[in-house]
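Below is one structure; the comments refer to it alone.
Residue numbers (this note's numbering): 388 to 552.
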(Lines of atoms letter the chains of each structure in order from A and count residues from 1; the text may use other names and numbers.)
(Lines give C-alpha, C1' and ligand atoms only; values in the text may rest on other atoms or scores of the structure.)
Protein backbone atom coordinates (compact mmCIF):
# COMPACT_ATOMS: atom_id res chain seq x y z
CA UNK A 1 0.00 0.00 0.00
CA UNK A 2 1.27 3.47 -0.87
CA UNK A 3 0.04 6.17 1.52
CA UNK A 4 0.59 9.92 1.29
CA UNK A 5 0.20 11.90 4.52
CA UNK A 6 -0.69 15.60 4.48
CA UNK A 7 -0.05 17.56 7.66
CA UNK A 8 1.59 20.68 8.99
CA UNK A 9 5.28 19.76 9.02
CA UNK A 10 6.61 20.23 12.57
CA UNK A 11 9.93 18.64 13.40
CA UNK A 12 9.63 18.89 17.17
CA UNK A 13 5.94 18.57 17.95
CA UNK A 14 2.73 16.83 17.14
CA UNK A 15 2.39 13.65 15.13
CA UNK A 16 5.71 13.88 13.28
CA UNK A 17 7.44 11.35 15.51
CA UNK A 18 4.60 8.82 15.25
CA UNK A 19 4.47 9.30 11.49
CA UNK A 20 8.24 8.74 11.14
CA UNK A 21 7.83 5.44 13.02
CA UNK A 22 4.92 4.43 10.77
CA UNK A 23 7.08 5.16 7.72
CA UNK A 24 9.94 3.05 9.07
CA UNK A 25 7.77 0.07 10.01
CA UNK A 26 5.71 0.42 6.82
CA UNK A 27 8.87 0.26 4.69
CA UNK A 28 9.97 -2.89 6.54
CA UNK A 29 6.60 -4.45 5.63
CA UNK A 30 6.80 -3.40 1.97
CA UNK A 31 4.63 -0.27 2.08
CA UNK A 32 5.56 3.18 0.82
CA UNK A 33 4.58 6.15 2.95
CA UNK A 34 5.52 9.79 2.55
CA UNK A 35 4.69 13.22 3.88
CA UNK A 36 3.42 15.64 1.25
CA UNK A 37 5.95 18.37 0.58
CA UNK A 38 9.61 19.06 -0.09
CA UNK A 39 12.31 17.35 2.02
CA UNK A 40 13.07 19.08 5.31
CA UNK A 41 16.49 18.38 6.87
CA UNK A 42 15.00 19.04 10.33
CA UNK A 43 12.72 16.02 9.85
CA UNK A 44 15.18 13.18 9.38
CA UNK A 45 13.62 9.78 9.00
CA UNK A 46 10.71 11.21 7.01
CA UNK A 47 10.18 10.51 3.35
CA UNK A 48 8.69 13.41 1.37
CA UNK A 49 6.88 13.52 -1.96
CA UNK A 50 4.80 15.92 -4.02
CA UNK A 51 3.83 13.22 -6.53
CA UNK A 52 0.31 12.39 -5.41
CA UNK A 53 -0.11 10.07 -8.43
CA UNK A 54 2.40 7.65 -6.86
CA UNK A 55 0.07 6.88 -3.94
CA UNK A 56 -3.12 4.86 -3.53
CA UNK A 57 -4.43 6.65 -0.43
CA UNK A 58 -4.11 10.07 1.18
CA UNK A 59 -4.45 10.71 4.90
CA UNK A 60 -4.86 14.29 6.10
CA UNK A 61 -3.53 14.58 9.66
CA UNK A 62 -5.05 17.37 11.75
CA UNK A 63 -3.99 18.45 15.19
CA UNK A 64 -4.57 21.79 16.86
CA UNK A 65 -5.46 23.82 13.76
CA UNK A 66 -6.87 23.40 10.27
CA UNK A 67 -3.73 23.15 8.12
CA UNK A 68 -4.08 23.36 4.35
CA UNK A 69 -1.57 22.98 1.56
CA UNK A 70 -1.53 25.40 -1.35
CA UNK A 71 -5.06 25.53 -2.81
CA UNK A 72 -3.98 24.46 -6.32
CA UNK A 73 -2.07 21.51 -4.87
CA UNK A 74 -5.11 20.64 -2.76
CA UNK A 75 -7.43 20.64 -5.78
CA UNK A 76 -5.01 18.41 -7.70
CA UNK A 77 -4.79 16.04 -4.74
CA UNK A 78 -8.57 15.86 -4.36
CA UNK A 79 -8.78 15.03 -8.06
CA UNK A 80 -6.14 12.30 -7.72
CA UNK A 81 -7.88 10.32 -5.00
CA UNK A 82 -11.50 9.12 -5.03
CA UNK A 83 -13.37 10.12 -1.88
CA UNK A 84 -13.28 6.57 -0.50
CA UNK A 85 -9.45 6.70 -0.67
CA UNK A 86 -9.18 9.96 1.30
CA UNK A 87 -9.03 9.87 5.10
CA UNK A 88 -8.71 12.40 7.90
CA UNK A 89 -6.66 11.32 10.90
CA UNK A 90 -8.25 13.37 13.65
CA UNK A 91 -5.30 13.37 16.08
CA UNK A 92 -6.97 15.65 18.63
CA UNK A 93 -10.41 14.00 18.40
CA UNK A 94 -12.08 17.13 17.07
CA UNK A 95 -14.75 15.13 15.21
CA UNK A 96 -16.84 15.07 18.37
CA UNK A 97 -19.49 17.19 20.11
CA UNK A 98 -18.56 20.43 21.87
CA UNK A 99 -17.22 19.63 25.35
CA UNK A 100 -16.71 22.21 28.12
CA UNK A 101 -15.21 21.26 31.50
CA UNK A 102 -15.32 23.65 34.46
CA UNK A 103 -16.54 26.45 32.22
CA UNK A 104 -13.20 27.05 30.47
CA UNK A 105 -11.50 23.84 29.25
CA UNK A 106 -13.03 23.05 25.87
CA UNK A 107 -12.36 21.32 22.60
CA UNK A 108 -13.96 24.17 20.60
CA UNK A 109 -14.56 27.83 21.31
CA UNK A 110 -18.20 27.45 20.23
CA UNK A 111 -20.51 25.52 17.88
CA UNK A 112 -19.54 27.75 14.93
CA UNK A 113 -15.89 26.74 15.28
CA UNK A 114 -16.91 23.08 15.59
CA UNK A 115 -19.03 23.36 12.44
CA UNK A 116 -16.04 24.81 10.56
CA UNK A 117 -13.87 21.82 11.50
CA UNK A 118 -16.56 19.26 10.65
CA UNK A 119 -17.32 20.88 7.29
CA UNK A 120 -13.61 20.83 6.44
CA UNK A 121 -13.22 17.18 7.45
CA UNK A 122 -16.36 16.15 5.57
CA UNK A 123 -15.27 18.00 2.41
CA UNK A 124 -11.88 16.28 2.37
CA UNK A 125 -12.56 12.69 3.26
CA UNK A 126 -14.96 9.80 3.24
CA UNK A 127 -13.60 8.35 6.50
CA UNK A 128 -12.40 9.83 9.79
CA UNK A 129 -9.71 7.99 11.77
CA UNK A 130 -9.27 8.72 15.48
CA UNK A 131 -6.45 7.48 17.72
CA UNK A 132 -8.65 5.76 20.27
CA UNK A 133 -9.18 2.34 21.78
CA UNK A 134 -12.94 2.85 22.04
CA UNK A 135 -15.07 2.59 18.91
CA UNK A 136 -17.04 5.72 18.04
CA UNK A 137 -20.83 5.55 17.66
CA UNK A 138 -20.40 7.59 14.45
CA UNK A 139 -20.28 5.15 11.48
CA UNK A 140 -17.82 7.42 9.60
CA UNK A 141 -15.25 7.21 12.40
CA UNK A 142 -12.77 4.34 12.58
CA UNK A 143 -10.36 3.90 15.47
CA UNK A 144 -6.65 3.25 15.13
CA UNK A 145 -3.93 2.99 17.79
CA UNK A 146 -1.82 5.68 16.09
CA UNK A 147 0.52 6.83 18.84
CA UNK A 148 3.13 4.37 20.04
CA UNK A 149 6.23 4.02 22.14
CA UNK A 150 9.75 3.40 20.90
CA UNK A 151 11.85 1.98 23.77
CA UNK A 152 15.06 2.84 21.87
CA UNK A 153 14.38 6.51 22.59
CA UNK A 154 14.27 6.18 26.37
CA UNK A 155 16.84 8.35 28.15
CA UNK A 156 18.05 6.88 31.45
CA UNK A 157 17.41 9.23 34.35
CA UNK A 158 21.14 9.24 35.08
CA UNK A 159 21.77 10.83 31.67
CA UNK A 160 18.88 13.29 31.75
CA UNK A 161 19.57 16.97 32.43
CA UNK A 162 18.53 18.39 35.80
CA UNK A 163 15.12 20.04 35.94
CA UNK A 164 15.13 23.81 36.19
CA UNK A 165 12.44 25.30 38.38
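Note that the Cβ used here is the ideal one computed from N, Cα and C, for glycine as well.
By how many angstroms is the C-alpha of residue j removed from the C-alpha of residue i?
i	j	result
residue 427	residue 436	11 Å
residue 544	residue 405	23 Å
residue 447	residue 455	9 Å
residue 402	residue 420	14 Å
residue 399	residue 540	14 Å
residue 542	residue 433	22 Å
residue 500	residue 418	36 Å
residue 550	residue 440	48 Å
residue 422	residue 450	15 Å
residue 459	residue 468	15 Å
residue 476	residue 407	15 Å
residue 548	residue 442	42 Å
residue 496	residue 515	21 Å
residue 430	residue 397	8 Å
residue 521	residue 453	24 Å
residue 509	residue 537	33 Å
residue 413	residue 504	29 Å
Taking all protein chains shown into account, do 16 or more other C-beta atoms lie within 10 angstroms of the C-beta of residue i, making it buried, or fewer, making it exposed?
i	result
residue 534	exposed
residue 511	buried
residue 517	buried
residue 462	exposed
residue 485	exposed
residue 393	buried
residue 388	exposed
residue 391	buried
residue 487	exposed
residue 425	exposed
residue 474	buried
So the beta strand (DSSP E) residue i belongs to, where does it begin and stop?
i	result
residue 444	444-449
residue 420	419-423
residue 389	389-393
Taking the alpha helix (DSSP H) that residue i falls in, what are its first and last residues?
i	result
residue 462	458-467
residue 406	403-415
Going by C-alpha distance, which of the options is nearest residue i?
i	options	result
residue 527	430, 494, 450 and 470	470
residue 483	442, 506, 412 and 472	506
residue 532	523, 519, 524 and 525	519
residue 529	465, 466, 415 and 478	478
What beta strand (DSSP E) runs, 3 residues minimum, are completely inside the segment 469-532?
Secondary structure remark: continuous beta strand (DSSP E) runs of at least 3 residues inside the segment 469-532, in chain order: 473-477, 514-517 and 528-530.
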